[in-house]
Amino acid sequence: MATVIDTLQERGLFEAVTSPDIGRLVENPAAVYAGFDPSASSLQIGNYVTIMGLAHFQRAGHKVVALVGGATGLIGDPSGKTNERPMLSAEEVEQNLEGIRENLSRFLDLNDKQAPAVIVNNHDWMKRFTFVEFLRDVGKHFRVGAMLAKESVRARMEGDRGMSYAEFSYQLIQAYDFLHLYDTEGCRIQIGGSDQWGNITAGTDLIRKLRGVEAYGLTFPILCDSTGRKFGKSEGNAVYLDRRRTSYYQFYQYFLRTADADVIRYLRVLTFVPMDEIAAMEEAMQSAPEERIAQKRLAEELTRAVHGTEGLTIARRASEVLFGGTLSGLRVDDLLEIFADVPSVEKRLDEVRGRPLVDVACAAGLCRSKGEVRRLMADGGFYVNNQRVTEHSATVNDDMLIEGRMVVLRSGRRHFLLVRIV
RNA sequence: GGUGGGGUUCCGGAGCGGUCAAACGGGGCAGACUGUAAAUCUGUUGGCUAAGCCUUCCUAGGUUCGAAUCCUAGCCCCACCA
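What the first sequence shows, in our numbering, is residues 656 to 1077, in sequence order.
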């Protein structure tokens, strides 16, 4: 019978494992954990790979524990980082934890009858230690040689930046977390991105030493796009799972724009779409790449998984309108939702109505000068409510005022500006 | 400390008394094409009450009918020599 390990392997969620014996362990219900760093108030799509890993385990009937790093977040994981990060305050970490807990609860079933997922915070047990106790109980079992050999430490020592003692000790805390979760939740498996290998093996070693038990680590590849860039950044900004940081529309669009070379891989890693369906899409792509069937499916599946059917509907409607579809028939309230992440300005009615469009567009900030607006009009790149306007002398007439409450200005294909009448 | 060279519109970089709002390249912004891809092609790129006017070529003065261009002083860069 296929185990969760087989599933992870065939979907590209498998990079390395500490021992192949893990295959036997997962033939029966086991407990697995993965950690999430509270370095921001929302998880990013990059974290979603880890979430998928946990979700696959849960689907296979295993107990899943998501650890949020209330303690480790105060230190900062050096793994995969070239520089020491600025330390977050306790309040920041506390706030971020809240957001991340909310994120996680959307993807892991906390009420599953057989194997409900659990969210724990390592601060709850770390706070009980005094420094001396921690050194005696945990530090005593680590050899500096082994710690220095970790990739995360070596990379820093080779550079000219070095690392602080605090970050150096990070691996001890994560190792202890694993031990603690073994004791309290029966976790014998930790999963994470490949950059977590060092931290994970620190934990398996500790458990072997102190409990004489074999614990397992499993890593999956860090998701990159075909140009080698780390996946999940959109114009330099990360794609977040929180709609307040990445709107439904932006989220949906990010995936719709996935390169052909990446989309099949993403479908395997980020969705539960059955493998045979993915294979069919891969074939369909050969004959009709312009249909972008795979991209549409990817965007749809992920948006629904992360933001629900309602989020998907809004993202789709927004896509239609923001790509030049007609605004007629849409109500102001719909438009406000659709244009949620479009910048907007407030103007009084008398500042808009009957005024030259050139003046209004400039005052609203669509362009820096009136000359620029005129140029834009001459180029055919100026739109009011998605209708091209080329006449320099045009004024804002009553038809342009949607319900008398707003005007949608647009420059070029995609730059919108909402003028709200107040 | 000495000697040369220089500071130009978003960047690089021409211009060296009128024809300069300033060549050319990059970038930006638009348009066409297209699969919301990549590439390509085209237009545009100081402001305005717009065939005209105004403010720009490090800063402050000056020469001249006229200065980005010449002179003086100041500030800042770069190169070489000590």
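Note that CB positions come from ideal geometry on N, CA and C, so glycine has one too.
Keep in mind it's a predicted model, so treat the numbers as computed, not measured.
Check, Outcome
"Nearest-angstrom Cα separation, counted from residue 1011 out to residue 1003", "15 Å"
"Where the alpha helix (DSSP H) containing residue 786 begins and where it ends", "786 to 792"
"Bridge partner(s) assigned by DSSP for residue 874", "671 and 847"
"Residues bridged to residue 1157 (per DSSP)", "Lying before the first or after the last residue shown, residue 1157 is absent from the chain, which here runs from 656 to 1077."
"Candidates 729, 659 and 663, of which the one nearest residue 752 by Cα", "729"
"7 Å Cβ shell around residue 1036 - same chain, five flanking residues per side excluded", "1066 and 1067"
"Start and end residues, alpha helix (DSSP H) containing residue 978", "Per DSSP, residue 978 belongs to no alpha helix (DSSP H) and is neither H nor E."
"Counted within 10 angstroms of its Cβ, other Cβ atoms place residue 903 as buried (16 or more) or exposed", "buried"
"Sub-9 Å separation of residue 705 and residue 828 beta-carbons", "no"
"Where residue 1023 sits in the DSSP three-state scheme", "coil"
"Distance, residue 774 Cα to residue 695 Cα", "17 Å"
"Element boundaries [beta strand (DSSP E), containing residue 864]", "From DSSP, residue 864 is part of no beta strand (DSSP E) but of the alpha helix (DSSP H) over 852 to 866."
"Minimum length 4: unbroken alpha helix (DSSP H) runs contained in the region 744 to 823", "745 to 762, 778 to 781, 786 to 792, 799 to 804, 806 to 813 and 820 to 823"
"Backbone CA spacing between residue 950 and residue 944 [nearest angstrom]", "10 Å"
"Integer Cβ distance of residue 690 from residue 722, believed to fall under 8 Å", "4 Å"
"Near the ligand NAD: residue 963 beta-carbon under 8 Å from a heavy atom", "As far as ligands go, the structure on display features none, and thus does not contain the ligand NAD."
"Candidates 996, 875 and 716: closest to residue 772 by CA position", "716"
"Classification of residue 873 by the beta-carbon crowding that lies within 10 angstroms, buried from 16 upward", "buried"
"Residue from 731, 667 and 738 whose Cα sits closest to the Cα of residue 707", "667"
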